[in-house]
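A short worksheet on the structure shown next.
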Amino acid sequence: MGKVPKTGELKHHLTLLQLAGLWNLAQPGVRSVVPTMIQEAGPKSKPIEVKVDELASLPDTKLSTDDCQWIAQAGDNKGCMSLKGANRSHTSEPEADHWSLTPDLEAVGQRWGIDPARDLVCTHDQKA
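Residue numbers (numbering that gives the first Met the number 0): 0 to 127.
Okay, here's the thing in C-alpha cells:
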C-alpha cells in the first residue's frame, strides 16, 4: 500500500475499490466489472455491505490515460520476488507451488515472449 495514496488523496475522491473498478473498466475490451467480495478480518476491515455500496455508487467517470499509466507503473512488481510455479532455479522434487522448468514449458514461454532468466526471477535485493 506504500505506493497508493490515501483515499482522501485519490483523484475524484474514490475509494480504492472504486479506483480498481474504474481502472479495470478503462482497459480495452472490458465492459463490466464484477469483483469477488471477501469479508476481511480485523478492526479496520469494511463490512461487505459497505463494499457493495461503494461499487453501487461508482461514479460515471473515466480515468485518463495518465491515470491508467500511473496505476500500471505503481502496480508493476516485476522482478520483486521469485514467482511460484515453474522456475529454472528449482532442481529438486516438485513442490505444491514450485517445480522445475521443463522443455515444454520453456517452449510455451518462448511463444508468449517469456524469458525465464528475465521474467521468472527476483531481481531486487532481498532484505532479511
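Glycine included, each C-beta is placed from N, C-alpha and C at the ideal position.
Neighbourhood of residue i by C-beta distance below 7 angstroms, restricted to the same chain and skipping five residues each side
| i | result |
| --- | --- |
| L62 | L21, W22 and A25 |
| H89 | H97, W98 and S99 |
| T122 | G78 |
Three-way DSSP call (helix, strand, coil) for residue i in this model
| i | result |
| --- | --- |
| H123 | coil |
| Q17 | helix |
| C67 | helix |
| E94 | strand |
| I47 | helix |
| V107 | helix |
| A73 | helix |
| D118 | helix |
| L24 | helix |
Beta-ladder partner(s) of residue i, from DSSP
| i | result |
| --- | --- |
| N86 | S99 |
| E53 | According to DSSP, which records beta bridges pairwise, E53 is partnered with nothing at all. |
Residue burial classification, residue i (beta-carbon count within 10 angstroms, cutoff 16)
| i | result |
| --- | --- |
| A85 | buried |
| K50 | buried |
| G7 | Bear in mind that the predicted position of G7 carries a pLDDT of just 46, short of 50, making it too unreliable to give a figure here. |
| Q109 | exposed |
| Q17 | buried |
Member of the options whose CA lies at the smallest distance from the CA of residue i
| i | options | result |
| --- | --- | --- |
| K77 | R117, P34 and S31 | R117 |
| A71 | H12, A19 and H11 | A19 |
| T101 | A73, R87, R30 and D114 | R87 |
| C67 | P115, P27 and I113 | P27 |
Cβ shell of residue i (< 8 angstroms), same chain only, five flanking positions each side left out
| i | result |
| --- | --- |
| P139 | With the chain running from 0 to 127 in the structure shown, residue 139 is simply not present. |
| M36 | I47, K50 and V51 |
| S81 | S88, L119, V120 and C121 |
Proximal residues to residue i (C-beta, below 6 angstroms), its chain only, five neighbours per side dropped
| i | result |
| --- | --- |
| L57 | Q17 and G20 |
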